[in-house]
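Asks: Keeping their order, the protein sequence lines are chains W and B. Numbers given in our numbering equal positions in the first sequence, counted from 1, plus 4. Numbers given in our numbering equal positions in the second sequence, counted from 1, plus 4. A virtual CB, placed ideally from N, CA and C, is assigned to each residue, including glycine. Pasting in a structure now, in structure tokens, and then I'll have a few things to ask.
Protein chains: 2
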Amino acid sequence: MGENETTLGALASELRRGTLVLSVLSQLEERRYGYSLVQRLAERGLDVDQSTLYPLLRRLEERQLLDSDWSLEESRPRRYYVLSAAGRQLLADLTKEWDRMVEVQERLLGRSPTGSGTKEEKE
Amino acid sequence: MGENETTLGALASELRRGTLVLSVLSQLEERRYGYSLVQRLAERGLDVDQSTLYPLLRRLEERQLLDSDWSLEESRPRRYYVLSAAGRQLLADLTKEWDRMVEVQERLLGRSPTGSGTKEEKE
DNA sequence: TTGACATACTGTATGACGCATACTATAATA
DNA sequence: TATTATAGTATGCGTCATACAGTATGTCAA
């Protein structure tokens with residue numbers, strides 16, 4: 005033991021990894037800035053470091069999934085992000101992928117939800 | 005459009021990424037060899053390339069989460085893998101992490117399952 | 001009003017690691 | 001001879017985490 009916790013931590017990290025994009029997109033139907041996003045995600049149980057989030061926002065904007073603009077009217081300058089049209093589409097698509105993935109994983113974990121088999125069972 | 009599909013593919017890939025380990029561990033409570041694992045996962049809806057799986061099995065064995073042995077008695081030599089004690093423990097832990105993650109993600113997607121709030125709702 | 005310090009807020013650089021893709025190789029079987 | 005079963009390696013790219021830098025605002029004390 006001791007090593008194990010490190011391994012678990014790393015793998016749990018990996019687990020969350022791919023979902024980060026979906027998590028972020030899901031919160032950007034409304035205009036928000038980075039710092040507030042971090043807090044909002046934390047409130048809902050997802051701890052993301054700022055230095056993880058900011059590059060991610062940049063990447064998403066590069067791919068034109070987000071639009072951003074500086075807001076200078078407030079106390080401090082803040083860069084606001086919001087889903088673009090493509091971003092909304094991707095959010096929808098990724099959500100479907102998420103659902104599919106959860107279904108598969110639950111099946112793999114041996115939890116067949118009310119046995120609504122998509123196909124007949126064999127073997 | 006056109007670009008979008010590529011982006012979706014890549015991100016869907018990322019989505020599945022971290023779950024690979026959990027998926028594989030979940031099927032190795034019983035002794036299996038690589039090729040059969042690929043098929044079993046595919047049957048259950050998860051397509052994994054062989055050249056993704058084999059290195060993964062190696063990594064897991066390095067970390068002593070799996071035990072392996074060659075079976076030479078059969079038609080062709082096959083290397084069988086099975087969970088070690090540490091692997092079983094990790095499977096349990098990762099499953100918990102998975103459940104936690106699903107809960108968080110569902111919350112982020114705005115699907116509160118029967119509103120069993122862990123805390124009071126605010127804002 | 002100055003200074004000190006905390007906090008809000010945005011950002012960059014680097015390293016480690018995992019997956020995907022492409023590829024090689026061999027034994028059985030048709 | 002070709003196809004399938006089976007195992008493996010090498011390489012590149014992208015992502016995250018960690019560490020770090022930097023600016024603006026607010027606050028409290030002296």
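What does a CB cutoff of less than 7 Å around residue 123 of chain W pick up in its chain, not counting 5 residues either side in sequence?
Replies: A caution first: residue 123 of chain W carries a pLDDT of 42, below 50, which makes its placement in the model too unreliable to give a value.
Asks: Just the Cα atoms here: how many angstroms apart are residue 89 of chain B and residue 65 of chain B?
Replies: Cα to Cα, the separation comes out at about 12 Å.
Asks: Is it buried or exposed for residue 27 of chain B, if we count other Cβ within 10 angstroms and need 16 for buried?
Replies: By the neighbour-count rule (16 or more Cβ atoms within 10 Å), residue 27 of chain B is buried.
Asks: Could you confirm whether any beta carbon from chain B is found closer than 9 Å to the beta carbon of residue 53 of chain W?
Replies: No, residue 53 of chain W does not count as interfacial toward chain B.
Asks: Any C-beta of chain B within less than 8 Å: which residues of the region 20-41 of chain W qualify?
Replies: Under the 8 Å Cβ criterion, the region 20-41 of chain W contributes 20, 21, 22, 23, 25, 26, 27, 30, 31.
Asks: Going along the chain, which residues of its own chain have a beta-carbon closer than 8 Å to the beta-carbon of residue 29 of chain W, five neighbours each way excluded?
Replies: The residues are 64, 69, 87, 91, 94, 95, 98.
Asks: Helix, strand or coil, according to DSSP, for residue 87 of chain W in the structure here?
Replies: Residue 87 of chain W: strand per DSSP, three-state reduction.
Asks: Cα separation between residue 100 of chain W and residue 78 of chain W?
Replies: Looking at the two C-alpha atoms, the distance is approximately 37 Å.
Asks: Among W:19, W:11, W:10, W:14, which residue has its Cα nearest to the Cα of residue 131 of chain B?
Replies: This structure does not reach residue 131 of chain B, given that chain B is present from 5 up to 127, and the question cannot be answered.
Asks: Taking the alpha-carbon positions, what's the residue 126 of chain B to residue 71 of chain B distance?
Replies: Residue confidence is low: residue 126 of chain B scores 39 on pLDDT, short of 50, so the model does not pin down where it sits. No coordinate-derived value is stated.
Asks: Who are the neighbours of residue 101 of chain B on chain W, taking C-beta pairs under 7 Å?
Replies: Residues of chain W passing the Cβ test: 16, 19.
Asks: If you compare alpha carbons, which of W:84, W:110, W:116, W:102 is closest to residue 40 of chain W?
Replies: The candidate whose alpha carbon is nearest that of residue 40 of chain W is W:84.
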